[in-house]
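Below: one structure, written as structure tokens.
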Amino acid sequence: MTPKKHYPLARPRAETVGPIDYERELNPQQLSAVRAPDGPILVVAGAGSGKTRVVTYRVASLLERGVGPEEILLLTFTKKAAGEMLARVESLVGMNLGRIWGGTFHHVGNMVLRRHAALMGLGEEYAILDRDDSRTLVDGLIREAGLDVKAREFPKSSLFLETLGYARNTRTSLETAVSVKCPVFEKAVGEIERLAAVYEKRKRARNYLDFEDLLALFHDLLLAHPEVAAEYQNRFRHVLVDEYQDTNALQAAIVKILAAGHGNVMAVGDDAQSIYSFRGAVFRNIREFPRDFPGCRIFTVETNYRSTPEVLALANQVLRGGEGYAKRLRPARPAGPLPVLVRPLDVYDQARFLAQRIAELIEEGTDPGEIAVLYRAHFHSMEVQMELTRAGIPFSVRSGLRFFAQAHVKDVLAYLRVVDNPMDEVSWKRILTTLPRLGPRTAEKIWARISSAADPAAELASAETARSAPAGARDSWESFVATVADLRSISGQGPRPMIERVLEGDYGDYLKAKYSNSRNREDDLRQLAEYARGNSDLHRFLDELAMSGGTDPADAFSESPRPCSVVLSSVHQAKGLEWEAVFVLWLAEGRFPAASSFGDDEAMEEERRLFYVAATRCRTRLTLLQPLSARQRSGETQAVTPSRFLVDLPHDTYEEWDLYDIDCDVDLF
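Residue numbering for the sequence shown is 3 to 671, as defined by the numbering used here.
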């Protein structure tokens, strides 16, 4: 089967162009990497140093040397990145590059598997399951096996697939993956393994592949059939890999096989920006590249075209003395203002400062789309979202749904809503379907019964309604009824104790059963309770959220920020992006770095790299925020310890602002 072109040209290219003046187009470090002779090459490209430029001009250089387009393989992590790189090369060399194989690992894996499907026991016209398709298939297998997901004895399909994918991408056992992704189900490892085997068997019977198969079977094909591996080793005489620090164990193994023999592989990346271990990325891949490819030449690209000298001076200090490839970002831009450290009293002062400082920047002429607020965890943005809403400052959220549009937040608010309004049909059905063994049909039946009563919440506790619940769910039903009764009894105390009561009940178990990041979601809900602390009126609290637009799913933004809106993003989602002004929130021990990294040296080093990534997103105005105090679950306010990343910074790399003396056009507090 002949492969199709990967990326059609956006427009016709000229057949010939003038020779490329590499010395004029590239700085000396970039030029050395681009002009390097054949053999294994590692380009350690610091943040903002023109990494993409190195890859683009390397491909152009190979073509000028007479390498055929069909002899080049370009592996990237997004289709967009490959398309943009190839389009830039086409504009340089004036050639149609349809013969270059360029794209993601999954894309290339699919192209190879289509050609050799029979060798792997696949039909040539196999279908690729998307995430929703895979979940649907697994849901059916779970029902067939009689596994009771609603009883929280087994992970839901999405969590099962995430765990299975982690095991395959990291080349570890499913048992190990369960201990990492969903330890609450460690006792069910045997059943999880059996379902995984049935899932694989069913996919093969139906001629299906999922996304993980595209990598795993690509690797297995090359390993099990040396003649196929030799075919692609001979075809792809030059392999280039972008963002090598983000490769997982399976991707690194594929690169080793494809580059075996000729060794003409260029890996480009930055070990200081390796921050995706939770996805299975292995930062040691880039650290150990010279060991995997003996004779490797290492080129360091350090000239930064993004940030001012002051921002880079601070960023360079973040990783000083650490492990990895030595590099020091050097500025190409003129001087600017020093980064600023601000120590607000608490998260509410932090949010108020942000809203007013952002308003000031906009008034001074900064485009709102050139302002970003970055944070370690999504729940750190809750108070900021509310404060920006109150201030009428438009914003988009890249780190996921707006805080109040998230499923777990809406679940807990639904508990509060049925107490506030016992005739709230939507909220009743929402919380009923979170109960073990209770689906939409039963929820509808229960709602029909309680809605006909004068007091639906009271009717919930009747023996007749209890009989509507599945026989095997009586214990959890009684617990649920008790939770609703307790919520009604404490509703006069306001929303905070009510939220905490919901978490103490079965809903906390539901989170653990459904989500691999249940701890983060619980943190969200603890923060929601903290946000509600000062509000003693449940109805007013719910009204405030509704009027802010915060509970409307249509008011959620996760992928494409709106034009002229401030960007709110986790640092993970911000990698590869840049803004004129950047604010980094919650630089305190236990927040950034996250408490989960304590006691784990590798995890703590990744937290440090995450802070480095946050700082290097900024072009000119970098502001670091460290609240001085936080309320504990006990209700006490305690001082927090500054982030070790702040403590390690020399004082001459930033200036500290006193919030109460700061000179600005508006009174901050």
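Cβ atoms here follow ideal geometry from the backbone N, Cα and C, with glycine treated the same way. Just so it is clear, the structure is predicted and the values come from calculations on it, not from any experiment.
Cβ neighbours of Asp222 within its own chain (closer than 8 Å, five residues either side excluded): Met122. When beta bridges are read from the DSSP output, Gln640 appears opposite Ala632. Here Gly111 carries a helix assignment [DSSP, helix/strand/coil].
Using a Cβ distance threshold of 8 Å, Leu513 and Phe482 do not count as a contacting pair. Ser279 and Asp525 have their C-alpha atoms roughly 21 Å apart. Val486 is classed as buried because its beta carbon has at least 16 other beta carbons within 10 Å across all chains shown. Met384 sits in a helix when the DSSP states are folded into three classes. DSSP lists no beta-bridge partner residue for Ser491. By the Cβ test, the stretch 577 to 584 is not in contact with the stretch 458 to 467, since fewer than three Cβ pairs between them sit closer than 8 Å. Counting along the chain, Arg611 sits inside the alpha helix (DSSP H) bounded by residues Asp603 to Ala617. Of the residues Leu418, Arg308 and Pro71, the one whose Cα lies closest to the Cα of Asp539 is Leu418.
The residue among Asn236, Asp272 and Asn266 with its C-alpha nearest the C-alpha of Ile288 is Asp272. Taken through DSSP and simplified to helix, strand or coil, Ser481 comes out as helix. Counting C-beta pairs closer than 8 Å gives three or more between the stretch 296 to 306 and the stretch 39 to 53, which meets the contact rule. Taking a cut-off of 8 Å on C-beta distances, the stretch 318 to 330 does not touch the stretch 53 to 71, as fewer than three cross pairs fall below it. When the alpha-carbon of Leu462 is set against those of His109, Ala473 and Glu480, the nearest one is in Glu480. Residue pairing for Thr106: DSSP places it in a beta bridge opposite Thr78.
Cα atoms of Leu211 and Arg37: separation of roughly 40 Å, rounded to the nearest angstrom. In the three-state reduction of the DSSP assignment, Pro42 falls in the coil class.
Taking the Cβ atoms as the reference, Gln628 lies roughly 4 Å from Leu589, within the contact range of under 8 Å. Taking the CA atoms as reference points, Met113 sits about 10 Å from Ala119. Pairwise C-beta distances place the stretch 229 to 244 out of contact with the stretch 179 to 197, as fewer than three of them are shorter than 8 Å.
Straight-line spacing of the CA atoms in Gly100 and Leu88 works out to 9 Å. Bridge pairing for Thr436: absent [DSSP]. Sequence-distant Cβ neighbours of Leu626 in its own chain, meaning closer than 6 Å and more than five residues away, are Leu343, Val586 and Leu589. With respect to the 8 Å criterion, Val386 and Leu624 are not classified as neighbours on the basis of their beta carbons. For Phe162, the secondary structure class from DSSP, reduced to helix, strand or coil, is helix. Within the stretch 190 to 232, complete alpha helix (DSSP H) segments of at least 4 residues are found at 191 to 208 and 213 to 226, given in chain order. If you ignore the 5 residues before and after Tyr168, its C-beta comes within less than 6 Å of the C-beta of Ala179, Lys183 and Gly282, all in its own chain and listed in chain order. Nearest to Asp134 by C-alpha distance, out of Arg330, Glu127, Tyr128 and Glu164, is Glu164. Residue pairing of Trp659 in beta bridges, as defined by DSSP: Val344. Of the other Cβ atoms in all chains shown, fewer than 16 fall within 10 Å of the Cβ of Leu225; this residue is therefore exposed.
Taken atom to atom, the span from the alpha-carbon of Gly96 to that of Pro30 is near 25 Å.
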